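Those protein sequence lines, which keep their order, are chains A and B.
Reading the first sequence from the start, the letters are residues 1 to 195 in this note's numbering.
Reading the second sequence from the start, the letters are residues 1001 to 1195 in this note's numbering.
There are 2 protein chains.
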Amino acid sequence: MERVDIVDVKTLCLGILTMKDSSGYDIRQYFEEGPFSHFAQAGYGSIYPALGKALEEGLVTCRAESQDGRPDRKVYSITPTGRLYLTQQLHHQPGPDKFRSDYLVSFLFAAHLEPAHLRTIFDEYQRTFAANVDMLSSLDSDGISPGNAFVRELGIVLYGAVAEYMAENRERFLESVNAAAEDNSEPRISLGERT
Amino acid sequence: MERVDIVDVKTLCLGILTMKDSSGYDIRQYFEEGPFSHFAQAGYGSIYPALGKALEEGLVTCRAESQDGRPDRKVYSITPTGRLYLTQQLHHQPGPDKFRSDYLVSFLFAAHLEPAHLRTIFDEYQRTFAANVDMLSSLDSDGISPGNAFVRELGIVLYGAVAEYMAENRERFLESVNAAAEDNSEPRISLGERT
DNA sequence: GGGGCCATGTAACCCGTTACATGATTGA
DNA sequence: TCAATCATGTAACGGGTTACATGGCCCC
């Protein structure tokens, strides 16, 4: 049970393949706007090599599907070996969450921002949260696993709470930043030590 | 206003230095358990080189402080050039949030987990959220900037909402995973297409 | 005709993490 | 005496992102 990052793209792909046979292109879509999109992201540049490596290692099989009027698809399926590998990865001790937000950094240092810019990115950020709630809510819940339902609802709760908080505090926040800027042409801000 | 990741360690360090002159060691502590810890992380391996580079570029100055009975500290201060650089960085269009969670991946694929392991990591994860709420609540709010107060409260709201959701749904979730496992020895799970 | 979508892949690059290296002091 | 904290740094490694490369079809 050593601490290993289980969220590498290969493992994620295997997990997806337990749900549905998919091509690399399909998998990209799931990352883009599926039930994982809020806690895992990956681009073609990591998905295709990951699938290739999984194929080499016998974790997946691959069949070419020709379509009329569209390029061929390579559809991958997980093998018993792949399932075993996934299960083992999943039983490692999960590492801590990693969250990075340019927006929150901008809000933190709002004192250094032009009011118009702050307002723009504030509204933009709020919209992304509302959009995420809508996206997750729009997904069909029929026949999904308890795990899938749980993380989906958790996402809705999380995004909803933040969207609501932002809506309720918009005016107060934007005005307090302006007020502080008027007081201090040279802003001197405390970090807020622990009590 | 091109899309640039403003959350590089150098910019983050400059932001911190607008609040308080600090050493590399201090800055590490802020990332570890300060008001940024929930949306930005960095280790010594990125902080020290970042400060060195900022020094080269004239964005910060550095003075050595000898202490009795402890190693010398290098205390950095931001320069006017540094403030200008920070302001410019902050006016770039923020990139989208990046969130990665091994735990949520594990919950998503809970069907592949031993019940005992699932329970363990579930409780562990819930505790981290409760701990984050406590940590953010324990910070002294006197004299902090509106931006700092805003992101702090947002963090409390976010972590609180998730912790509450997890507490309320713990039994239901763990049992539904077990129930599903009994139905399907070979789990066949739907991705949940969009409606 | 052009833009957008489907579809697969490679290569370079960047950045951050991890591990390594050093060393003094304090408290258990 | 041993672990932990304070304190600064370097070097290798790894992984993911970005950009590049290719090509056909469909709709406006």
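For every residue, glycine included, the Cβ atom is placed at its ideal position computed from N, Cα and C.
Predicted model only: the values in this text are computed from it and were never measured.
Quick check on D1097(B): buried or exposed, where buried means 16 or more other Cβ atoms within 10 Å of its Cβ?
The sequence position of residue 1097(B) within the second sequence is 97, counting from 1. It is buried - the Cβ of D1097(B) has at least 16 other Cβ atoms within 10 Å.
One question on the structure: do C1062(B) and Y1085(B) come within less than 8 Å of each other, judged by their Cβ atoms?
In the second sequence, the residue the question calls residue 1062(B) occupies position 62. In the second sequence, the residue the question calls residue 1085(B) occupies position 85. No Cβ-Cβ contact shorter than 8 Å links C1062(B) with Y1085(B).
Touch test, the region 1171-1178 of chain B against the region 143-154 of chain A, Cβ-Cβ under 8 Å, three pairs minimum:
Cβ pair count under 8 Å is three or more, so yes.
Own chain residues within Cβ distance below 6 Å of Q41(A), not counting five before or after:
Here residue 41(A) refers to the residue found at position 41 when the first sequence is read from its first residue. The beta carbon of Q41(A) sits closer than 6 Å to the beta carbons of F31 from its chain, once the five residues preceding and following it are set aside; these are given in chain order.
Using a C-beta to C-beta distance shorter than 8 Å, which residues of chain B count as neighbours of Y44(A)?
Within the first sequence, numbered from 1, the residue matching residue 44(A) stands at position 44. Against chain B, the beta carbon of Y44(A) has no neighbour under 8 Å; the closest one sits roughly 17 Å away.
If we ignore side chains and look at the alpha-carbon of each, how far apart do Q88(A) and I6(A) end up?
Here the question's residue 88(A) lines up with position 88 in the first sequence. Here the question's residue 6(A) lines up with position 6 in the first sequence. Spanning the two alpha carbons is a distance of roughly 10 Å.
Sorted by chain position, which residues of the same chain lie with C-beta nearer than 8 Å to G1024(B)'s C-beta, five sequence neighbours on each side aside?
For the purposes of this step, residue 1024(B) is identified with residue 24 of the second sequence, where counting begins at 1. Y1044, I1047, Y1048, L1051, K1074 and Y1076, listed in sequence order.
Can you pull the chain B neighbours of G95(A), defined as C-beta to C-beta under 7 Å?
On the first sequence, residue 95(A) is found 95 positions in, with the first residue counted as 1. Within 7 Å Cβ-Cβ: D1102.
Any idea if P1071(B) is buried or exposed, counting beta-carbon neighbours within 10 angstroms, 16 or more meaning buried?
In the second sequence, residue 1071(B) corresponds to position 71, counting from 1. Per the 10 Å Cβ criterion, exposed.
Within 8 Å of chain A by C-beta, residues of the region 1108-1119 of chain B in sequence order
Hits within the stretch, in order: L1108, F1109, A1110, A1111, H1112, L1113, E1114 and H1117.
Complete runs of the alpha helix (DSSP H) confined to the region 23-47 of chain A [at least 4 residues]
As far as the region 23-47 of chain A is concerned, its whole alpha helix (DSSP H) runs of at least 4 residues are 24-33.
Does any residue of chain A have a CB that is nearer than 8 Å to the CB of Q1041(B)?
Taking the second sequence and counting its residues from 1, the one referred to as residue 1041(B) is at position 41. Q1041(B) has a beta carbon lying within less than 8 Å of a beta carbon in chain A.
I need the straight-line Cα distance from T11(A) to Q93(A), nearest angstrom please.
Numbered from its first residue, the first sequence carries residue 11(A) at position 11. Numbered from its first residue, the first sequence carries residue 93(A) at position 93. Rounded to whole angstroms, T11(A) to Q93(A) spans 14 Å at the Cα level.
Name the one or two DSSP bridge partners that S1075(B) has.
Numbered from its first residue, the second sequence carries residue 1075(B) at position 75. Reading the sequence as shown, one finds Val at residue 1075(B) and not Ser. BP columns for V1075(B) point to R1063(B).
Considering only DSSP beta bridges, list what F99(A) is partnered with.
To locate residue 99(A), count along the first sequence from 1; it is residue 99. Looking at the DSSP output, F99(A) bridges to F1099(B).
Can you find the residues in the same chain that come closer than 8 Å, C-beta to C-beta, to A163(A), ignoring five residues on each side of it along the sequence?
Residue 163(A) sits at position 163 when you count from the first residue of the first sequence. The residues are Q126, F129, A130 and V133.
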